[in-house]
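Visitor:
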DNA sequence: CATGAATGAGCCTTCATTCAT
DNA sequence: CATGAATGAAGGCTCATTCAT
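Residue numbers (the numbering used here), protein chains in the order written: chain C, 13 to 231; chain W, 13 to 231; chain B, 13 to 231; chain H, 13 to 231.
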């Protein structure tokens with residue numbers, strides 16, 4: 013019974029990596045199986061289906077991110093700090109496992125409506141975190157009432173893109189773009205986090221409110 | 013002889029749509045051909061290759077976006093207005109043809125380094141626009157010196173995600189999320205643009221500088 | 013686990029026949045699969061590739077012929093009898109499986125250098141048999157020193173052509189060429205063998221040496 | 013009218029080369045067209061068909077060889093010298109245009125009965141040359157009555173194989189087989205001709221007859 | 001006649017999936 | 001449970017051939 017669970021875990025893990033790298037259509041069941049150290053037929057025995065496997069990976073990752081963000085959204089009384097926490101937690105989740113960022117993207121890129129109810133629900137959970145933080149800030153008078161979807165897109169989009177552009181930025185760095193323009197393409201994610209936090213805070217700051225409680229990174 | 017060009021156009025157009033919807037691996041050459049009103053063999057006669065077709069689509073779309081952004085980056089003397097223009101132009105480009113947003117994403121999602129030198133160059137052109145605008149603002153003292161990569165990720169990521177999340181937001185709207193929370197998931201892109209512009213401006217604003225020149229439209 | 017080997021055998025067998033009949037380019041993988049009683053995909057599972065399949069067939073047949081000829085080349089002390097054995101063994105190999113003759117021809121006809129090192133090695137083995145026999149005859153003083161390549165071409169070329177011209181000769185026979193000229197187009201291969209043996213012996217005979225040890229056929 | 017003929021010539025020439033190199037199935041009509049400097053459609057206009065093109069090439073080459081051999085078969089009173097002429101003429105034909113050797117082989121290798129009546133007739137013409145020379149020698153008492161098919165196979169087979177094995181022999185030479193065994197893989201065809209002539213003469217010589225009239229090459 | 005473009009048929013290959021052992 | 005083998009259904013690509021211009 014435990015071994016069985018172990019196998020499932022390995023399969024999901026491998027699948028996440030492969031799906032992230034190749035997309036749904038591009039992923040080969042055989043590669044996933046090999047990466048998980050199982051036989052192809054074994055994989056089918058354990059998960060039944062490429063589509064189901066994909067869904068399960070989605071759900072797992074989305075719900076993991078959702079759980080973390082929910083914790084972050086409840087981490088403090090101060091809306092600004094909550095926002096910081098949201099950013100920080102998301103960055104951590106992606107840094108820890110870049111595949112996560114790609115998986116979110118793949119799902120988005122598939123366009124159309126998400127076919128899996130479960131996945132959709134997890135995405136909603138994630139959105140609700142942003143939404144909650146924003147509206148709590150509005151209620152305490154420190155945030156302007158902005159459409160939380162905008163904030164969400166900004167939060168998720170910026171970080172996902174930052175993670176995914178890693179290889180390109182690396183290449184840019186190798187090409188000497190850094191020295192040329194006095195910027196560092198390979199700046200650590202903590203810097204990005206700090207920037208994003210600050211920007212969101214100031215972007216959301218209510219007209220009269222003076223920003224307090226230092227933003228940012230202490231990674 | 014015009015017909016030949018017309019066919020190529022139709023093929024590229026169809027390919028953009030299909031690649032955007034299905035990704036590279038998921039796209040079926042036959043679907044593209046059918047959508048373009050050509051025979052599969054005819055498609056190969058005109059473009060030679062699925063990979064080449066993909067690259068051509070990439071280059072076309074990326075360079076179109078690059079051209080528009082370059083124009084935007086040179087549209088004004090005022091850095092803040094330039095930034096607004098960047099946002100506005102990108103939003104227009106995506107709204108006009110949502111496939112463009114997905115195509116950018118697909119390329120990013122493929123992870124790894126981009127294999128096509130030409131595509132890479134177009135992406136660099138796009139980045140350079142952001143970079144130019146930021147550093148011009150820094151030189152005129154109105155912007156804080158921030159890593160332009162951060163700004164770029166924020167700009168592109170937010171808008172791409174906004175476009176792509178359309179269907180999901182639509183669904184959210186259908187589920188009544190709007191009335192429930194007093195927000196409109198289907199807010200027009202102009203609102204998102206305004207929000208993003210404002211946020212970037214304030215996020216980049218140099219400490220002492222007082223923002224002048226009204227931020228974007230709030231249609 | 014025996015079944016697996018059995019399948020491979022059947023595939024190679026079928027492939028030999030089809031390649032012999034149609035050449036490499038003309039052979040259809042599907043025909044081979046059907047002839048072997050496997051699914052096309054099954055064929056790929058077992059051999060991986062049309063080219064690999066072809067090479068494997070080549071190697072198998074060439075090495076079989078090589079092995080037999082090596083045995084023949086060592087079958088006696090007398091160079092003349094060795095030469096006879098060479099001819100006889102080759103004729104047997106071809107008669108037993110005419111596809112072999114065609115396969116050798118196809119490989120030759122492909123012109124250019126053989127791309128497979130392994131196949132090349134087998135062909136060299138075969139040549140070495142002729143070469144050995146000739147030079148042993150020279151050393152014992154019964155053969156004139158002639159370029160063994162010439163002898164080899166004569167040996168292989170004559171027999172291959174005889175086998176392959178079967179159908180044409182049959183047609184000639186049907187058209188009454190036999191009665192017309194008092195010759196039999198369908199003479200058995202044993203007669204051809206006898207002729208070839210005799211000719212090679214006399215052709216190679218050292219000036220002073222008197223031929224001993226009856227040549228010929230006892231098939 | 014003359015230009016038209018010129019085009020046809022170029023097409024046939026190119027086709028011969030390509031068919032020789034790739035076989036019937038392996039040859040691409042487009043390659044032939046390009047090599048002939050015509051448009052693909054133009055080729056069809058001029059010859060109508062891949063199969064017809066192939067046949068025409070066959071007929072042309074076979075009949076050219078046939079014509080030369082007929083001349084050779086009538087070149088002298090002495091059967092031995094006629095035989096020499098046959099060998100010499102064939103060698104010349106092949107040396108002049110190695111494609112000829114491959115084309116003969118391809119046709120043979122296709123196995124089965126030749127489908128074109130015309131091609132078959134040309135092959136018969138060629139055979140008849142050998143047959144005539146042999147039987148004339150028998151009638152004048154200098155040749156043993158041997159099945160002319162055997163002689164023919166020997167004559168054609170040896171020379172075709174010699175020509176076609178050129179690349180392999182070249183490789184053998186490059187690998188140092190020459191120095192190793194004191195033989196020259198790249199011996200000129202004239203040597204092969206001499207060997208073959210001598211062998212056939214002695215092989216056919218009637219028991220009592222003393223060979224007269226020097227064999228061989230003066231090429 | 002020459003040419004660019006089109007196309008149906010077919011080829012090699014791969015993939016997700018299943019099943020007997 | 002694990003595995004080697006099998007397979008139907010594509011999928012990408014090519015080819016001989018035709019046609020309008």
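The beta carbon of each residue, even a glycine, is placed where N, CA and C say it ideally should be.
Taking a contact to mean a Cβ-Cβ separation below 7 Å, would you say residue 170/B touches residue 210/H in this structure?
Guide: Taking the first residue of the third chain as 1, we reach residue 170/B at position 158. Taking the first residue of the fourth chain as 1, we reach residue 210/H at position 198. Not a contact, by the Cβ cut-off of 7 Å.
Visitor: Would residue 173/H pass as an interface residue toward chain B - the criterion being a Cβ-Cβ separation below 7 Å?
Guide: Locating residue 173/H in the fourth chain gives position 161, counting from the first residue. It does: the Cβ of residue 173/H has a partner Cβ on chain B nearer than 7 Å.
Visitor: Does any CB atom of chain B fall closer than 7 Å to the CB of residue 72/H?
Guide: Taking the first residue of the fourth chain as 1, we reach residue 72/H at position 60. No, residue 72/H lies away from the interface with chain B (no Cβ there is under 7 Å from its Cβ).
Visitor: At the 7 Å Cβ level, is residue 159/W part of the contact set with chain C, yes or no?
Guide: For the purposes of this step, residue 159/W is identified with residue 147 of the second chain, where counting begins at 1. Residue 159/W counts as touching chain C.
Visitor: Residues in its own chain within less than 6 Å of residue 230/W by CB, not counting five upstream and five downstream?
Guide: In the second chain, the residue the question calls residue 230/W occupies position 218. Note that residue 230/W scores a pLDDT of 39, beneath 50, so its modelled location is shaky and nothing firm can be said.
Visitor: Counting only C-beta atoms, is residue 201/C closer than 7 Å to chain W at any point?
Guide: For the purposes of this step, residue 201/C is taken as the residue at position 189 of the first chain. Not a single CB atom of chain W sits nearer than 7 Å to the CB of residue 201/C.
Visitor: Suppose contacts are defined by Cβ-Cβ distances below 7 Å. Is residue 32/W in contact with residue 111/W by that definition?
Guide: Here residue 32/W refers to the residue found at position 20 when the second chain is read from its first residue. Here residue 111/W refers to the residue found at position 99 when the second chain is read from its first residue. Yes, they are a contact pair.
Visitor: So, under 8 Å CB-CB, residue 152/C and residue 91/C are touching, yes? Tell me the CB distance rounded to an integer number of Å.
Guide: Walking along the first chain from the start, residue 152/C turns up at place 140. Walking along the first chain from the start, residue 91/C turns up at place 79. Between residue 91/C and residue 152/C the Cβ distance is about 6 Å, and since that is below 8 Å, they are a contact.
Visitor: Is residue 169/C close to chain W, meaning its C-beta is less than 7 Å from at least one C-beta of that chain?
Guide: Start at 1 with the first residue of the first chain, and residue 169/C comes out as number 157. Chain W contact via Cβ: present.
Visitor: What are the complete alpha helix (DSSP H) segments, minimum 4 residues, inside the region 162-230 of chain C?
Guide: The region 162-230 of chain C contains, as complete alpha helix (DSSP H) runs of 4+ residues, the segments 178-186, 189-193 and 201-216 (chain order).
Visitor: Could you list the residues in the region 14-38 of chain H with a C-beta less than 8 Å from some C-beta on chain B, going in chain order?
Guide: 32, 33, 34, 35, 36, 37 and 38
Visitor: Could you work out which residues of chain C lie near residue 148/W, taking near to mean beta carbons separated by less than 9 Å?
Guide: Sequence index remark: in the second chain, residue 148/W carries index 136 (1-based). Contacts between residue 148/W and chain C, judged by CB atoms closer than 9 Å, are missing: the closest CB pair is about 12 Å apart.
Visitor: By how many angstroms is the C-alpha of residue 67/W removed from the C-alpha of residue 167/B?
Guide: Taking the first residue of the third chain as 1, we reach residue 167/B at position 155. Taking the first residue of the second chain as 1, we reach residue 67/W at position 55. Residue 167/B and residue 67/W have their C-alpha atoms roughly 56 Å apart.
Visitor: Is it buried or exposed for residue 103/C, if we count other Cβ within 10 angstroms and need 16 for buried?
Guide: In the first chain, counting from the first residue as 1, residue 103/C sits at position 91. With 16 or more other Cβ atoms within 10 Å, it is buried.
Visitor: What residues are listed by DSSP as bridge partners for residue 155/H?
Guide: One-based indexing of the fourth chain puts residue 155/H at position 143. Per DSSP, 217/H.
Visitor: Consider the Cβ of residue 218/B: report whether some Cβ of chain H lies at a distance smaller than 7 Å.
Guide: Along the third chain, one-based indexing puts residue 218/B at 206. No, residue 218/B lies away from the interface with chain H (no Cβ there is under 7 Å from its Cβ).
Visitor: Could you tell me whether the Cβ atoms of residue 81/H and residue 172/H are closer together than 7 Å?
Guide: For the purposes of this step, residue 81/H is taken as the residue at position 69 of the fourth chain. For the purposes of this step, residue 172/H is taken as the residue at position 160 of the fourth chain. Their beta carbons are not under 7 Å apart, which means residue 81/H does not touch residue 172/H by this criterion.
Visitor: Taking C-beta pairs closer than 8 Å, name the residues in chain C that residue 121/W reaches, listed in chain order.
Guide: The sequence position of residue 121/W within the second chain is 109, counting from 1. Ordered by position in chain C, the residues that pass the 8 Å Cβ test against residue 121/W are 35, 114, 117, 118, 121 and 176.
Visitor: Quick check on DSSP: helix, strand or coil for residue 128/W?
Guide: Taking the first residue of the second chain as position 1, residue 128/W is located at position 116. Looking at residue 128/W - three-state DSSP - the assignment turns out to be coil, as it is neither helix nor strand.
Visitor: Check whether the region 14-29 of chain W touches the region 43-52 of chain W, counting contact only when three or more Cβ pairs, one atom from each stretch, lie closer than 8 Å.
Guide: yes
Visitor: Measuring only the C-alpha atoms, how far is residue 162/W from residue 177/C?
Guide: On the second chain, position 150 is the one that residue 162/W refers to. On the first chain, position 165 is the one that residue 177/C refers to. Taking the straight line joining both Cα atoms gives about 11 Å.
Visitor: With a CB to CB cut of under 8 Å and the five nearest residues on each side skipped, what residues in its chain are close to residue 19/W?
Guide: Residue numbering aside, residue 19/W sits at position 7 when the second chain is read from its first letter. Closer than 8 Å at the Cβ level, and outside the excluded window around residue 19/W, lie 48, 50, 54 and 58.
Visitor: Can you tell me which of 73/B, 98/B, 36/B and 107/B puts its alpha carbon nearest to the alpha carbon of residue 143/B?
Guide: In the third chain, the residue the question calls residue 143/B occupies position 131. Checked all of 73/B, 98/B, 36/B and 107/B; the closest Cα to residue 143/B is 98/B.
Visitor: Return the CA-CA distance between residue 73/B and residue 203/H, expressed in angstroms with no decimal places.
Guide: Along the third chain, read from residue 1 onward, the residue named residue 73/B stands at position 61. Along the fourth chain, read from residue 1 onward, the residue named residue 203/H stands at position 191. Approximately 31 Å between the Cα atoms of the pair.
Visitor: Going by other Cβ atoms of all chains shown within 10 Å of its Cβ, with 16 needed for buried, is residue 215/W buried or exposed?
Guide: To locate residue 215/W, count along the second chain from 1; it is residue 203. By the neighbour-count rule (16 or more Cβ atoms within 10 Å), residue 215/W is buried.
Visitor: Which chain C residues sit within Cβ distance under 9 Å of residue 197/W?
Guide: On the second chain, residue 197/W is found 185 positions in, with the first residue counted as 1. The answer, in chain order, is 159 and 161.
Visitor: Distance, Cα to Cα, residue 188/W vs residue 132/C?
Guide: The residue you call residue 188/W lines up with position 176 of the second chain. The residue you call residue 132/C lines up with position 120 of the first chain. Cα-Cα distance, rounded: 15 Å.
Visitor: Output, in chain order, the set of chain H residues within a Cβ distance shorter than 7 Å of residue 94/B.
Guide: Sequence index remark: in the third chain, residue 94/B carries index 82 (1-based). By Cβ distance, chain H contributes nothing, its closest Cβ being about 17 Å from residue 94/B, past 7 Å.
Visitor: Counting only C-beta atoms, is residue 215/H closer than 7 Å to chain B at any point?
Guide: One-based indexing of the fourth chain puts residue 215/H at position 203. For residue 215/H, the answer is yes, since a Cβ of chain B falls inside 7 Å of its Cβ.
Visitor: Could you have a look at residue 89/W and say whether DSSP puts it in helix, strand or coil?
Guide: As a working mapping, residue 89/W is identified with position 77 in the second chain. The answer is coil: DSSP assigns residue 89/W none of H, G, I, E or B.
Visitor: Alpha carbon to alpha carbon, how far is residue 165/B from residue 8/B? Give it in angstroms, no decimals.
Guide: Past the boundaries of the shown model lies residue 8/B; chain B is included only from 13 to 231, so the question cannot be answered.
Visitor: Using C-beta distances below 8 Å, list every residue in its chain close to residue 128/W, excluding the 5 sequence neighbours before and after it, in chain order.
Guide: Walking along the second chain from the start, residue 128/W turns up at place 116. Around residue 128/W: 67, 70 and 71.
Visitor: With DSSP run on the structure shown, which of helix, strand or coil describes residue 30/C?
Guide: Here residue 30/C refers to the residue found at position 18 when the first chain is read from its first residue. Here residue 30/C sits in helix by DSSP.
Visitor: For the alpha helix (DSSP H) containing residue 112/H, list its first residue and its last residue.
Guide: As a first step, residue 112/H must be located in the fourth chain, where it is residue number 100. Where residue 112/H is concerned, the enclosing alpha helix (DSSP H) stretches over 110-121.
Visitor: Does the beta carbon of residue 66/C sit closer than 7 Å to a beta carbon anywhere in chain W?
Guide: By 1-based counting over the first chain, the position of residue 66/C is 54. Closer than 7 Å: no.
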